[in-house]
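Line by line, the protein sequences give chains A and B.
196 is the number that the numbering used here gives the last residue of the first sequence; the numbers go up by one with no jumps.
302 is the number that the numbering used here gives the last residue of the second sequence; the numbers go up by one with no jumps.
For each residue, glycine too, the CB sits at the ideal point set by N, CA and C.
The structure appears right after this line, and notes come after that.
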Amino acid sequence: MQIAKMNCVLRGVPPWAVYLAGALPLAWVVWLGATGGLGIDPVKEIEHRLGKIGLWFLVAGLAITPLRRQTGLSLLRQRRALGLLAFFYVALHAAVWLGLDMRLLWEQAAKDILKRPYLTAGMAALALLLPLALTSNDASVRWLGQGWRKLHRLAYPAAIAAGVHYLWQTKADVTEPLIWLAAILGLLALRLRR
Amino acid sequence: LGQIVAAPSRYSTAQTPNTREEITGYNNFYELGTDKADPRKNARLLTLKPWAVQIDGLVDRPGSYGLEDILSGAQMEERIYRLRCVEAWSMVVPWVGFELNQLLARVGVQPGAKYVGFETLVRPDEMPGQRRAILDWPYREGLRLDEAMHPLTILATGLYGEEMPAQNGAPIRLVVPWKYGFKSIKSIVRITLTEREPVCTWNAMQSQEYGFYANVNPEVDHPRWSQATERRIGGGIFAPREPTQMFNGYAAEVASLYAGMDLAKFY
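Shown next, in the form of structure tokens:
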């Protein structure tokens, strides 16, 4: 009963409200930047914060199906917004790396992506998310039919690549990236036993 | 903080130093936390007085030397040096210190000595980072004897004309400006002269990434990132990357130390 009521309420949450809430972390980063709250190396801080926010949304998107199966609670109507927000933050994270960190040194950036496994993994995550973002609309769902579901399973390797990217760029204390990677793998494992 | 009387030095760069705020608020000192803002927050936990440095190994006069004793007679200079971190960022820091070779001369280096090893303080109750095995404590670093004797190599006890803040490695730290920052070990409690290459913490942990020499070299990349360019801290969000200089710009002084060596192999 409780679950049914909550699902009723959740169905009433319009996607634009999710997008609005999803914009708040960005607004917070912009606010911190404007008020000097990003510390002594603001470029790294912006870059790392955006990447971390992208991970939140990736994990949130992955959590929806297990949550529904385990508890009956359904956030299916919000999933597209969560996925698109994940892509948005991951893309912004990559853009800040290329623009503010690498200062558009295209050659060095391209070489680094090919040569450094942590960057290869991060770029792979972005590349896997791109077709998902492009097909996150009703027309594509209709057009692709059953293929749409298959295509959107790319979210799984994308999330793993993102988690590995975070782990591999860490220098010494790997506790936090390991927790994130464990969460991602855990959420994927829950899908295996249906 | 106490003022330190120090003479200017011909080894100082003419580049504008980073601000005190930047130098004292952006630190890699894992003993005081892994985030770069942590060391300043935790600096007050560290007891700096009294302080002594154990000097042993192949020396004529081994023993525990009190900090005041070490500093008495040391010729203090201001050395404005470039600092290049292995993480590809850089600063310019106005250190105050004296040449390590003065101290080594005082304790008497024996003929068999070829290397100098250094150790940082271990005090988990005052250094929260040491309560976990992030690194193999104590932090250890080392130099070849000729590197240690080089006039650019200093033991620093201050910056901006004042006593060293704890987060920057108080009360006494090494500064080797042509090597990546991690070689410049902080809060030194032991100096050992040895015949064999001493164990260095990062080198022992990930030798593929951190060599014993760790000379700044734009042509030898860190496996996880290029070392060709660097970001100068304090330049703001839109500052361009700067090309990294061979030996961090100190090639004229130190390149001869490595004549005939393959720097891609001995990185």
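Selected residue, minimal CA-CA separation from residue i, among the options
i        : options                                : result
Leu34/A  : Ile48/A, Leu22/A, Gly24/A, Ala25/A     : Ile48/A
Leu190/B : Glu232/B, Asn136/B, Lys84/B, Glu230/B  : Asn136/B
Gln80/A  : Gln72/A, Leu12/A, Gln110/A             : Leu12/A
Ala299/B : Tyr285/B, Tyr245/B, Ala274/B           : Tyr245/B
Asn63/B  : Lys214/B, Gln243/B, Gln202/B           : Gln202/B
Ala87/B  : Lys71/B, Pro212/B, Glu182/B, Ala205/B  : Ala205/B
Ser125/B : Tyr293/B, Asp91/B, Trp260/B, Tyr61/B   : Tyr61/B
Glu176/B : Cys235/B, Glu57/B, Asp104/B            : Cys235/B
Tyr46/B  : Thr229/B, Gly147/B, His185/B, Gly196/B : His185/B
Leu28/A  : Ala185/A, His95/A, Leu78/A, Leu187/A   : His95/A
Leu93/B  : Pro129/B, Gly271/B, Ile220/B, Ala148/B : Ala148/B
Asn77/B  : Glu161/B, Pro52/B, Gly152/B            : Glu161/B
Asn250/B : Tyr293/B, Gln145/B, Met240/B           : Tyr293/B
Ala286/B : Val211/B, Trp260/B, Gln243/B, Ile272/B : Val211/B
Rounded C-alpha distance that separates residue i from residue j
i        : j        : result
Leu138/B : Leu156/B : 19 Å
Ser291/B : Leu60/A  : 53 Å
Gly268/B : Arg208/B : Looking at the sequence itself, residue 268/B is Ile, so the reference to Gly does not match. Answer to the nearest angstrom: the Cα atoms are 21 Å apart.
Val143/A : Thr137/A : 7 Å
Ala274/B : Met281/B : 21 Å
Ala141/A : Arg155/A : 18 Å
Lys218/B : Val224/B : 15 Å
Glu230/B : Arg79/B  : 38 Å
Leu153/A : Gly63/A  : 15 Å
Leu77/A  : His167/A : 28 Å
Val131/B : Ala41/B  : 7 Å
Leu102/B : Glu112/B : 17 Å
Gly216/B : Gly38/A  : 26 Å
Tyr248/B : Tyr120/A : 25 Å
Ile66/A  : Met296/B : 58 Å
Arg114/B : Asp171/B : 31 Å
Thr54/B  : Met199/B : 14 Å
Leu100/A : Val45/A  : 11 Å
Trp237/B : Asp103/A : 25 Å
Gly24/A  : Lys54/A  : 13 Å
Leu178/B : Ala239/B : 15 Å
Leu189/A : Pro179/A : 15 Å
Gly41/A  : Thr69/B  : 15 Å
Gly152/B : Asp91/B  : 10 Å
Glu27/B  : Leu180/B : As displayed, chain B neither begins before 36 nor continues past 302, which places residue 27/B out of reach and without an answer.
Leu107/A : Gln50/B  : 24 Å
Supposed close pair residue i, residue j - CB separation, criterion 8 Å
i        : j        : result
Pro233/B : Tyr150/B : 5 Å
Leu84/A  : Val20/A  : 7 Å
Thr192/B : Leu106/B : 7 Å
Gln38/B  : Gly143/B : Rounded, the Cβ-Cβ distance is 32 Å, inconsistent with contact.
Pro68/A  : Arg193/A : 7 Å
Ala88/A  : Gly56/A  : 6 Å
Unbroken alpha helix (DSSP H) run spanning residue i, endpoints
i        : result
Ser142/A : 140-146
Arg155/A : Looking at the DSSP string, Arg155/A is not in any alpha helix (DSSP H), and its letter there is neither H nor E.
Trp33/A  : 17-36
Phe247/B : Phe247/B -> no alpha helix (DSSP H), and no H or E assigned at all.
Asp73/B  : 73-77
Ile55/A  : 44-73
Ala191/B : From DSSP, Ala191/B is part of no alpha helix (DSSP H) but of the beta strand (DSSP E) over 189-194.
Trp237/B : 236-240
Gly188/A : 177-194
Close beta carbons around residue i, own chain, < 7 Å, minus the five adjacent residues each side
i        : result
Pro159/A : Leu130
Leu86/A  : Ala135, Ser138
Gly284/B : Arg117
Glu265/B : Arg119, Ala123, Trp124, Ser125, Arg276, Glu277, Thr279
Gln89/B  : Ser99, Val224, Arg225
Leu194/B : Ile58, Val128, Pro129, Trp130, Val131, Asn203
Ala109/B : Phe133, Gln137
Val98/A  : Ile48, Glu49, Leu52
Ser314/B : The question about residue 314/B has no answer here: the residues shown for chain B are numbered 36 through 302.
Leu146/A : Thr137, Leu153
Leu22/A  : none
Residue interval of the beta strand (DSSP E) (run including residue i)
i        : result
Ala41/B  : Ala41/B -> no beta strand (DSSP E), and no H or E assigned at all.
Leu178/B : 175-179
Pro129/B : 124-134
Tyr116/B : 112-119
Gly60/B  : Careful: Gly60/B lies outside any beta strand (DSSP E), inside the alpha helix (DSSP H) at 55-60.
Phe153/B : 150-155
Own chain, CB closer than 8 Å to residue i, minus 5 neighbours either side, in chain order
i        : result
Leu116/A : Thr122
Ile198/A : Absent from the structure is residue 198/A, since the part of chain A shown begins at 3 and ends at 196.
Ala263/B : Pro253, Glu254, Asp256, Pro278, Thr279
Gln145/B : Leu93, Val94, Asp95, Leu228
Asn9/A   : Gly74, Leu75, Ser76
6 Å CB neighbourhood of residue i in its chain, flanking five on each side removed
i        : result
Thr51/A  : The question names Thr, but residue 51/A is Arg in the sequence shown. Hits under 6 Å: Val31.
Pro173/B : Glu154, Thr155, Val157
Arg82/A  : Ser138
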